[in-house]
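Encoded as structure tokens, the structure appears first; notes follow it.
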Amino acid sequence: MWALTALLLLVPSGGRAATLEKPILSLHPPWTTIFKGERVTLRCDGYHPPLLDLRPISTLWYLGHLLLPSHKKSIEVQTPGVYRCQTRGAPVSDPIHLSVSNDWLILQVPYAAVFEGEPLVLRCRGWYDKVVYKLHYYHDGKAVRYFPSGAGYTVPQARAADSGRYQCSGTMRIPVEGAPMFSAKVAVTVQELFPAPVLRVTGRAEARGGVAVRCETRLHPQKRDTPLQFAFYKYSRPVRRFDWRAEYTVPEPEVEELESFWCEAATATRSVRKRSPWLQLPGRGSPLDLASTPAPVPQATALAPGNQPLSFRKPPGSRSALSVTSVPNTTSSGLQFPAGRAPTAGPPACAPPTPLEQSAGDLKPDVDLLLQEMQLLKGLLSRVVLELKELQAFPEHREPLETPTSHFAVSPGTRETTIVES
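First residue of the sequence shown: 184, per this note's numbering; consecutive thereafter.
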């Protein structure tokens with residue numbers, strides 16, 4: 184009977200169901216962990232047929248792989264497990280995992296996904312709402328917040344670094360205050376709202392001159408309606424501040440410095456703000472491709488107070504000026520590097536040694552001879568110092584000191600040094 188009901192529910196009505204999206208399953212209150220004996224409400228929001236439809240069953244409920252007997256839009260449950268729902272002709276909804284605990288202390292987290300820039304709310308509850316004292320919240324084993332008595336912990340603007348395993352601890356008066364108790368650890372994942380953008384060349388702007396570039400990124404499917412703003416920079420100087428346009432035209436005089444441009448994408452409130460790598464162009468001598476490849480992001484400091492633009496300096500080695508000209512009968516974009524600057528494939532050929540390099544090679548034997556003479560002179564000085572120390576130790580044997588004179592005879596033919604003492 185239930186199999187027949189499911190088949191009737193999946194049959195499209197008038198072709199409309201074929202384009203339906205999966206329903207949205209919500210939980211009230213919005214916590215995935217409850218105490219044993221408590222109840223929560225599940226609600227399935229999606230397309231529901233009119234009451235006069237010949238097939239009155241409009242919603243199916245699943246607990247794991249078990250089909251539940253209810254067909255209402257919302258149901259109350261207290262059994263742990265994975266819940267899903269389905270409306271007529273639409274796919275199955277995303278799951279909600281409900282946990283039931285017998286512990287004295289539980290940590291409750293929202294059932295819905297938390298995205299970057301949104302608040303992350305955690306709640307530590309005592310058994311049937313008993314007051315919790317000396318409350319600590321932990322993130323990956325490290326204490327992050329303390330409250331004298333029960334209170335929720337909120338991260339105002341969540342980041343990817345806020346993902347991890349959370350736990351809470353505290354004491355309760357049952358009937359008197361005892362040792363601290365710990366909740367079970369709960370995994371929390373902060374979803375990425377959009378990846379770092381990429382700045383790409385889209386073609387030449389024929390109307391105003393210059394080169395058109397576009398700051399590209401993509402929103403998470405669940406947040407595709409979130410508006411984004413874009414800003415463009417040349418080195419650390421903003422050339423266009425945040426607005427809703429993702430395109431910018433690099434003026435003709437600045438085309439030779441295309442690789443010094445980058446962009447930023449941000450939400451309207453600037454709660455999430457990400458920058459692109461430097462604009463990367465293909466190798467010289469090849470036609471300018473319409474899609475630039477991402478380059479490594481240079482090291483950057485944190486956002487300055489007041490959300491001021493970040494200060495970046497491009498490495499000197501990458502500041503190569505590339506000239507872009509319009510050449511008829513070339514690529515579809517009409518952008519190409521001058522042929523005179525096109526390098527040949529493969530590593531550069533080895534150039535013959537310069538006169539300076541040759542003279543440096545000829546001087547090497549003379550340098551070796553000089554080092555030998557310095558070693559001999561060092562030995563003579565050490566001998567003089569030792570004789571002076573002996574005279575200071577035995578003053579009664581002091582005699583006039585005769586310093587040996589040395590003559591250095593150097594034979595250019597053999598490059599050997601001879602010491603003659605007199």
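The beta-carbon is built from N, C-alpha and C at its ideal position, and this holds for glycine as well.
Could you spell out the range, first to last residue, of the beta strand (DSSP E) harbouring R348?
First-last of the beta strand (DSSP E) with R348: 347-354.
Just curious, the beta strand (DSSP E) that T216 is in, first and last residue?
That run of the beta strand (DSSP E) goes 216-218.
Kindly list the residues whose CB is nearer than 8 Å to the CB of F365, restricted to its own chain and excluding five residues on each side of it in sequence; keep chain order.
Excluding positions up to five away in sequence, the list reads L288, Q350, C351, S352.
Please name the residue or residues paired with R383 in a DSSP beta bridge.
R383 is bridged to R397.
Going by DSSP, what residue range makes up the beta strand (DSSP E) through D228?
223-228 is the span of the beta strand (DSSP E), which, as asked, contains D228.
Check whether the Cβ atoms of A429 and F413 sit closer than 8 Å, and answer yes or no.
Yes. Within cutoff.
Of the choices C268, R271, P434, G272, whose alpha-carbon is the least far from that of G393?
Answer by Cα proximity: P434.
Cα separation between D426 and C446?
Roughly 12 Å between the two C-alpha positions.
On the premise that S284 lies in contact with F218, defined as a C-beta separation below 8 Å, what is that separation, rounded to the nearest angstrom?
Going by Cβ atoms, the distance from F218 to S284 rounds to 6 Å, so yes, they are a contact pair.
To the nearest angstrom, report how far apart G309 and A343 are at their CA atoms.
Rounded to whole angstroms, G309 to A343 spans 29 Å at the Cα level.
Counting pairs of Cβ atoms below 8 Å between the stretch 365-382 and the stretch 454-464, do you hit three or more?
Because the criterion of three Cβ pairs below 8 Å is met, the stretch 365-382 and the stretch 454-464 touch.
Which residues in the same chain as G347 place their Cβ atom closer than 8 Å to its Cβ, once the five residues preceding and following it in sequence are excluded?
If we look at G347 and ignore the five residues flanking it on each side, its Cβ neighbours are H322, D323, A370, V371.
Going by Cα to Cα distance, which pick from K317, G300, E301 is closest to C307?
The option with the nearest alpha carbon to C307 is K317.
Taking DSSP's pairing of strands, which residues face W445 in a bridge?
Answer is Y416.
Distance cutoff 8 Å, beta carbons only. Does K406 sit that close to anything in chain D?
The structure shown contains no chain D; it is built from a single protein chain.
Rounded to the nearest angstrom, what separates K205 and Q374 at their Cα positions?
When rounded, the distance between both Cα atoms is 20 Å.
Measuring only the C-alpha atoms, how far is P263 from E221?
Distance between the alpha carbons of P263 and E221 is about 11 Å.
Can you tell me whether DSSP reads P263 as helix, strand or coil?
Three-state DSSP puts P263 in coil, outside helix and strand.
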